[in-house]
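J.: Take the sequence shown: its position 111, counting from 1, is numbered 111 in UniProt numbering, and each next residue is one higher. First the structure, which I've put down as structure tokens, then a few questions once you've had a look.
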Amino acid sequence: MKAAILREYGKDLEVADVERPDLPGDSVMVEVHAAAINPIDWIVMAGYMKEQLPYTLPWIVGYDVSGVVTEVGSGAHGFAVGDEVFARANGMQAGTMAEFSAVKATDLALKPANISHAEAAGVPLAGLTAWQALFDKGGLKAGQRVLIHAGSGGVGTLAIQIAKNAGAWVATTASAKNKDLVLGLGADQFIDYASERFEDAAEKYDLVFDMLGDDTLKRSFDAVKAGGTVVSIKGEAPSGLAADRGVSFHTFFMEPNGKQLTEIAQLISDGTIRPVVDSSFPIDDVVAAFVYARTGGPNGKVVVTLR
């Protein structure tokens, strides 16, 4: 089968013919139609997570997938041959940028019928990150004020919509050119990160969701009210900062979760939220796709198509 593979850390991907993966009993074989690019891909490709994710090279890249079930493992339940599905594949069993991928059944959800495979592929990792940040870590409740950084990105575009559906008042940071996008997704307030200081808001926030880290994360503690929460997917805050401000702080890596993805799928199916795909590239152009995803400033997701 055709796949995008990494032969050596720090090097470009190659498109090569490789053997189909084996099918573990707890998994289903997915005929892949599309797979999305995420920052975790190039972090792994650079070799920064060799201890946490000790892949054997050559390695098939990719964590997000949308496709059709072609085979069901002996111990897998809930899916049948012919089902259209999508998932954020389990870390050590990832490798979704290939014509076929074996995915744990517990990571899967049925793909919403009202979106394409390319749109669906961009949802799992970003959607689950937003869901877990807002609800599992942030404890989001209706009526709260929420600040979401990087609102025009893959995670941000979904986080805005999920938070609004939960009854929150949402502000978001983005560039001026993306003002209409984030307001169109439901944000109540747009903050131009280049010309405005988000921490100077007249009223502080109950929850701040950070996806940028560094100075943005540090300044986020000046934007949250006492007793509020800062959640980040970009590392630890300076020591003692949360305690000094009287706020809670959580940093985390998202976990694959088919049940949560099913809830997100329902919101897509009923039109409550919509995925935002910036562009798609065929698998043969995967190197160009990664260059654009890293340096082109995409709005929403960049997707690689297999069919």
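Note that the Cβ used here is the ideal one computed from N, Cα and C, for glycine as well.
#1: If I'm right that Val-103 touches Ser-195 with Cβ under 8 Å, what's the distance once you round it to whole angstroms?
#2: Taking C-beta to C-beta, are Leu-23 and Gly-78 nearer than 8 Å?
#3: Express the C-alpha separation of Glu-8 and Leu-57 in angstroms, rounding to a whole number.
#4: Can you tell which of Asp-244, Thr-70, Asp-107, Asn-90 has its C-alpha closest to the C-alpha of Gly-258?
#5: Could you pull the DSSP bridge partners for Lys-301 from this structure?
#6: According to DSSP, is Pro-21 part of a helix, a strand, or is it coil?
#7: So which of Thr-305, Gly-153, Gln-52, Gly-167 has the shortest CA-CA distance to Thr-173?
#8: With C-beta atoms as the reference, is Asn-38 less than 8 Å away from Tyr-55?
#9: What does the Cβ neighbour count give for Met-211, buried or exposed, with the cut at 16 atoms within 10 Å?
#10: Which of the three DSSP states, helix, strand or coil, is assigned to Val-287?
#11: Considering only the beta carbon of each residue, do Val-155 and Thr-129 sit closer than 8 Å?
#12: Below 6 Å CB to CB, which residues in the same chain sit around Tyr-193 once its five sequence neighbours on both sides are set aside?
#13: What would DSSP say about Ile-37, mapped onto helix, strand or coil?
#14: Taking 8 Å as the cut-off, does the segment 214–227 touch the segment 43–51 (at least 3 CB pairs, one atom from each stretch)?
#15: Where in the segment 95–138 do unbroken runs of the alpha helix (DSSP H), each at least 4 residues long, occur, reported from the N-terminal end onward?
#16: Please report the residue range of the alpha helix (DSSP H) in which Thr-70 lies.
#17: Can you pull the DSSP bridge partners for Phe-249?
#18: Determine the burial state of Met-92: buried for a count of at least 16 other Cβ atoms within 10 Å of its Cβ, exposed for fewer.
#19: Could you tell me whether the segment 199–208 touches the segment 180–188, where touching means 3 or more Cβ pairs closer than 8 Å?
#20: Mind checking who Asp-192 pairs with in its DSSP beta bridge?
#21: In the DSSP assignment, the alpha helix (DSSP H) including Glu-84 goes from what residue to what residue?
#22: Give me, in chain order, the residues of the same chain whose beta-carbon lies closer than 7 Å to that of Gly-143; leave out the 5 immediate sequence neighbours on both sides.
#23: Alpha carbon to alpha carbon, how far is Trp-59 from Val-291?
T.: Per the coordinate set shown:
#1: In the sequence shown, the residue the question calls residue 103 occupies position 103. In the sequence shown, the residue the question calls residue 195 occupies position 195. Not a contact, Cβ separation roughly 44 Å.
#2: Position 23 of the sequence shown, counted from the start, is the residue given in the question as residue 23. Position 78 of the sequence shown, counted from the start, is the residue given in the question as residue 78. Result no, Cβ atoms of Leu-23 and Gly-78 do not sit closer than 8 Å.
#3: Stepping through the sequence shown from its first residue, residue 57 is reached at position 57. Stepping through the sequence shown from its first residue, residue 8 is reached at position 8. The alpha-carbon atoms of Leu-57 and Glu-8 are separated by roughly 7 Å.
#4: Position 258 of the sequence shown, counting from 1, holds the residue named residue 258. Here the closest residue by C-alpha is Asp-107.
#5: Counting from one through the sequence shown, the residue named residue 301 turns up at place 301. Partner(s): Val-277.
#6: Translated into the one-based positions of the sequence shown, residue 21 becomes position 21. If DSSP states are grouped into helix, strand and coil, Pro-21 belongs with coil.
#7: Residue mapping note: residue 173 aligns to position 173 of the sequence shown, counting from 1. When each option's Cα is compared against that of Thr-173, the closest is Gly-153.
#8: Translated into the one-based positions of the sequence shown, residue 38 becomes position 38. Translated into the one-based positions of the sequence shown, residue 55 becomes position 55. Against a cut-off of 8 Å, the Cβ pair of Tyr-55 and Asn-38 comes out as no contact.
#9: To locate residue 211, count along the sequence shown from 1; it is residue 211. Under this definition Met-211 is a buried residue.
#10: The sequence position of residue 287 within the sequence shown is 287, counting from 1. Val-287: helix per DSSP, three-state reduction.
#11: The residue given as residue 155 occupies position 155 in the sequence shown. The residue given as residue 129 occupies position 129 in the sequence shown. Yes, Cβ-Cβ distance for Val-155 and Thr-129 is below 8 Å.
#12: Translated into positions along the sequence shown, residue 193 becomes position 193. Answer for Tyr-193: Thr-173, listed in chain order.
#13: Working through the sequence shown from its first residue, we reach residue 37 at position 37. DSSP places Ile-37 in coil when its eight states are reduced to three.
#14: no
#15: 117–121, 124–131
#16: Taking the sequence shown and counting its residues from 1, the one referred to as residue 70 is at position 70. Not the alpha helix (DSSP H): Thr-70 falls in the beta strand (DSSP E), residues 64–72.
#17: As a working mapping, residue 249 is identified with position 249 in the sequence shown. Val-230.
#18: The sequence position of residue 92 within the sequence shown is 92, counting from 1. Exposed.
#19: no
#20: Taking the first residue of the sequence shown as position 1, residue 192 is located at position 192. Paired residue(s): Ala-174.
#21: Within the sequence shown, the letter at position 84 stands for residue 84. It is not in any alpha helix (DSSP H) - Glu-84 instead sits in the beta strand (DSSP E) that spans 84–88.
#22: The residue labelled residue 143 in the question sits at position 143 within the sequence shown. The answer, listed in chain order, is Gly-167.
#23: Numbered from its first residue, the sequence shown carries residue 59 at position 59. Numbered from its first residue, the sequence shown carries residue 291 at position 291. C-alpha separation (whole angstroms): 19 Å.
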